[in-house]
Amino acid sequence: MKERAYQLQSVNNEIYCSPDAQHSVIVSFIHDGRLIRGHYWFEKDVLLSSFQSEGKYAKTLKVPAYFVKVIRGAVFKQLSTAQVYEYDNQRKRVYTDLRYHPDDWIQRTIERWDAKS
């Protein structure tokens, strides 16, 4: 039996909130024997990933829609227990008193995804 081209490894339980209130989570998966880390962006509903090619430069990897759905499902399963963080002015992670993250974002995201499915 042929191995799948894409295999999900893990989804980080910490969600990054950028200064423009865009949220992303790091996702690890295997493609053609390579471990690849990508960022799933919630608001854009897209997975952006890249990998080193022969150690010279990063290549962007186009991930098929079916695998983005697999990732979205894994992200959704742990969304209610995820921690959101931002970086402060000293580039340190902070988990409380967030400046850009709306307090009800996780609940609204869960409701929005429930409505889609």
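As numbered in my numbering, residues 286 to 402 make up the sequence shown, in order. All C-beta atoms in this analysis are idealised placements derived from N, C-alpha and C, irrespective of residue type, glycine included.
First and last residue of the uninterrupted alpha helix (DSSP H) at residue i
{"i": "Q392", "result": "390-401"}
{"i": "V369", "result": "Where V369 is concerned, there is no enclosing alpha helix (DSSP H), although the beta strand (DSSP E) it sits in stretches over 368-372."}
{"i": "R384", "result": "First-last for R384: undefined, no H or E at that position."}
{"i": "Q271", "result": "Because the chain spans 286 through 402 in this model, residue 271 falls outside it and cannot be assessed."}
Segment limits, beta strand (DSSP E) that includes residue i
{"i": "D312", "result": "Before going on, a small fix: residue 312 reads as Val here, not Asp. Segment 308-316, the beta strand (DSSP E) holding V312."}
{"i": "S295", "result": "291-302"}
{"i": "R319", "result": "319-326"}
Residue from the options whose Cα sits closest to the Cα of residue i
{"i": "G323", "options": "V312, D317, H316, K329", "result": "V312"}
{"i": "E328", "options": "R376, L293, K347, R357", "result": "R357"}
{"i": "S365", "options": "Q292, R289, N298", "result": "N298"}
{"i": "F352", "options": "F361, G318, F314, D382", "result": "F314"}
{"i": "V310", "options": "G318, V360, P304, D399", "result": "V360"}
{"i": "N374", "options": "A400, L293, S303", "result": "S303"}
{"i": "L293", "options": "H316, Q307, R376", "result": "H316"}
{"i": "S320", "options": "Y291, I300, W326", "result": "The sequence given here has Leu at residue 320, not Ser. Among Y291, I300, W326, the Cα nearest to that of L320 belongs to Y291."}
{"i": "L383", "options": "L346, R289, S295, Y301", "result": "Y301"}
{"i": "A367", "options": "L346, V355, K377, D389", "result": "D389"}
{"i": "K347", "options": "K362, Q363, Y325", "result": "Y325"}
Cβ-based burial, residue i [other Cβ within 10 Å; buried from 16]
{"i": "E371", "result": "buried"}
{"i": "I395", "result": "exposed"}
{"i": "V416", "result": "Nothing can be reported for residue 416: it is not among the residues displayed for the chain, which extend from 286 to 402."}
{"i": "L332", "result": "buried"}
Residues that residue i bridges to, as DSSP identifies them
{"i": "Q378", "result": "Per the sequence shown, the amino acid found at residue 378 is Arg instead of Gln. Bridge partners of R378: Y372."}
{"i": "L346", "result": "For L346, which the question treats as bridged, DSSP gives no partner whatsoever."}
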